[in-house]
Amino acid sequence: GIQVEQSPPDLILQEGANSTLRCNFSDSVNNLQWFHQNPWGQLINLFYIPSGTKQNGRLSATTVATERYSLLYISSSQTTDSGVYFCAVVLNKFYFGSGTKLNVKP
Amino acid sequence: DTAVSQTPKYLVTQMGNDKSIKCEQNLGHDTMYWYKQDSKKFLKIMFSYNNKELIINETVPNRFSPKSPDKAHLNLHINSLELGDSAVYFCASGRTGGSSPLHFGNGTRLTVT
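Residue numbers (this note's numbering), protein chains in the order written: chain P, 156 to 261; chain B, 115 to 227.
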């Protein structure tokens, strides 16, 4: 199957800081999605982004499919951004990375 | 208005019992999934149904039996529960081949004592 690697595994930020999360994958895929799991356990779809760049408020994502990676940018982080961020690639089925655990401190 | 709803939210039971988790989606999707999330937060696919047909069946013990009565529902029945079954189980839905955003239910936290 496809290998999906996320980095860093853990990240601690001070509120207001910016950050970049990375997702590398080992093969060509049909699309890529980013998810946020909040501290209450809910999994929310952030981006459906097979290629290019998308923005949603303080969050943006860029996928460079030809180079097999995607980046999730969080600007002006807030405590509500805390949780685990997953990327998942799709080729016949979803392959999830192991996540980046983010802790934003006030 | 909940897009993907699953019940119950919490399930505490003893070893050897049988339990079921129900899932419903109102997004008009044709594909539904069951995922298991362990204590390390890793999401593992268990089953996937497309238009009520089983299309993915990962290495899951036979004690786990999914059923999809229609495109909007996917239930999970677990027989003879074991301690190792304790986890959070997520239902999800999307369009065929992952061609749309995947939406998750809020999860069912199963604790086997």
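For glycine and all other residues, C-beta sits at the position ideal for the given N, C-alpha and C.
None of these values were measured; they are calculated from a predicted model.
Taking 9 Å as the CB-CB cut-off, is residue 212(P) touching chain B? no
Just the Cα atoms here: how many angstroms apart are residue 201(B) and residue 151(B)? 6 Å
Can you check the segment 210-243 of chain P for any beta strand (DSSP E) of at least 3 residues that lies completely inside it and give the ranges in chain order? If we require 3 residues or more, the beta strand (DSSP E) runs fully inside the segment 210-243 of chain P come out as 214-219, 224-229.
Indicate whether at least one CB of chain B lies closer than 9 Å to the CB of residue 206(P). No, because no Cβ of chain B sits closer than 9 Å to the Cβ of residue 206(P).
To which residues does DSSP link residue 223(B) through a beta bridge? 124(B), 202(B)
Quick check on this structure: which residue in 163(B), 195(B), 156(B) has the alpha carbon closest to the alpha carbon of residue 189(B)? 163(B)
Determine the direct distance from the alpha carbon of residue 177(P) to that of residue 162(P), and round the result to whole angstroms. Their backbone Cα atoms lie some 5 Å apart in a straight line.
According to DSSP, residues forming a beta bridge with residue 172(B): Answer is none; residue 172(B) lacks a bridge partner.
Using a Cβ-Cβ cut-off of less than 8 Å, list which residues of the segment 228-254 of chain P approach chain B; keep chain order. The residues in question are 239, 241, 243, 245, 247, 248, 249, 251, 253, 254.
Check whether the segment 117-132 of chain B touches the segment 208-221 of chain B, taking contact to mean three or more Cβ pairs, one atom from each stretch, closer than 8 Å. yes
Run through DSSP, which three-state label would residue 210(B) get? helix
Give the DSSP-derived three-state secondary structure of residue 70(B) in the structure shown. Because chain B spans 115 through 227 in this model, residue 70(B) falls outside it and cannot be assessed.
Residue 195(B) versus 153(B), 178(B), 139(B), residue with shortest Cα-Cα distance: 178(B)
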